[in-house]
Structures are given as structure tokens and as C-alpha cells.
Amino acid sequence: MDKKEAKKLTKVGIKHYKQERYHEALECYNKVLAENPTFFRALLEKANALLKIGRIEEGRTFACISFMFNPGYEYSPKKREKYIKDLWTPKVKDYLIKNGLISESDSNQGKDSKLFY
Numbered sequence: 064m065d066k067k068e069a070k071k072l073t074k075v076g077i078k079h080y081k082q083e084r085y086h087e088a089l090e091c092y093n094k095v096l097a098e099n100p101t102f103f104r105a106l107l108e109k110a111n112a113l114l115k116i117g118r119i120e121e122g123r124t125f126a127c128i129s130f131m132f133n134p135g136y137e138y139s140p141k142k143r144e145k146y147i148k149d150l151w152t153p154k155v156k157d158y159l160i161k162n163g164l165i166s167e168s169d170s171n172q173g174k175d176s177k178l179f180y
């Protein structure tokens, strides 16, 4: 899936989300992330949908990951670093390893490593 298709499918997910069809929205975001695991908008929207359906820990995980992959997000680097530390769960590391974004040895540096922000 190229970036244009990823954007289009993410927008479809957002439409579902606005209609309170959160599970359908998640299906769209999951399809995007299966091929583009660092696609910021899908990560962030997935976090929002998970929070809406009460899957709080997963929502926090994807919120944290979304901050990691958009360094230009509106927050200052210090605030961004704080949000990542505050939202950190072990599942963040699991997602990064599973998608080949870090190695197991890199992950042993822990959440305080500059690797994560």
C-alpha cells in the first residue's frame, strides 16, 4: 500500500470514527498499519478509537507509538519526551520489535533511551 492509499484508507477510518463505528474504523487503521507500521495518522486515530471502546491500555500504547513516529508533532521535544515516558507500556516495545523497527538488543535500553524519542 503506497502513502496515497494509506491516507485514503485512514480517512475512511476517520469517517467511521465520526459516525461512532469504532470497530469499522479500527479495521481501516489496522489495514494501513499492517503495511505501514509507522504511519502516524493511522497510529493516532487507532489510539483514539481504542480509547473510545474502553481498551485503555492499548489506546495508551498506540498514542505513545504515534508520538514516536511524528517528531514534528506540535509538541516541543521536551513535552513529546514527557508524553512518551508517561504513556509508555511494555507493549510499545513489543510493537516496535514485531514490526522490525528496533531489534531485541536495542529494546534492552529501556524507555529512558534516546532510541525512543
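Each residue of the sequence shown is one higher than the one before, counting from 64 in the numbering used here.
Even for Gly, the Cβ is constructed at its ideal location relative to N, Cα and C.
Proximity below 8 Å, CB of residue i to CB of residue j
i	j	result
residue 109	residue 96	yes
residue 99	residue 126	no
residue 94	residue 72	yes
residue 85	residue 128	no
residue 92	residue 117	no
residue 164	residue 124	no
residue 147	residue 130	yes
Per-residue DSSP class, three states only, for residue i
i	result
residue 103	helix
residue 65	coil
residue 77	helix
residue 168	helix
residue 162	coil
residue 87	helix
Residue i classed as buried or exposed, judged by whether at least 16 other C-beta atoms fall within 10 angstroms
i	result
residue 78	exposed
residue 156	buried
Open item on the list: For a minimum of 4 consecutive residues, which ranges assigned as the alpha helix (DSSP H) are wholly contained in the region 116 to 152?
Closed with: With a minimum length of 4 residues, the continuous alpha helix (DSSP H) runs that stay inside the region 116 to 152 are 119 to 131, 140 to 150.
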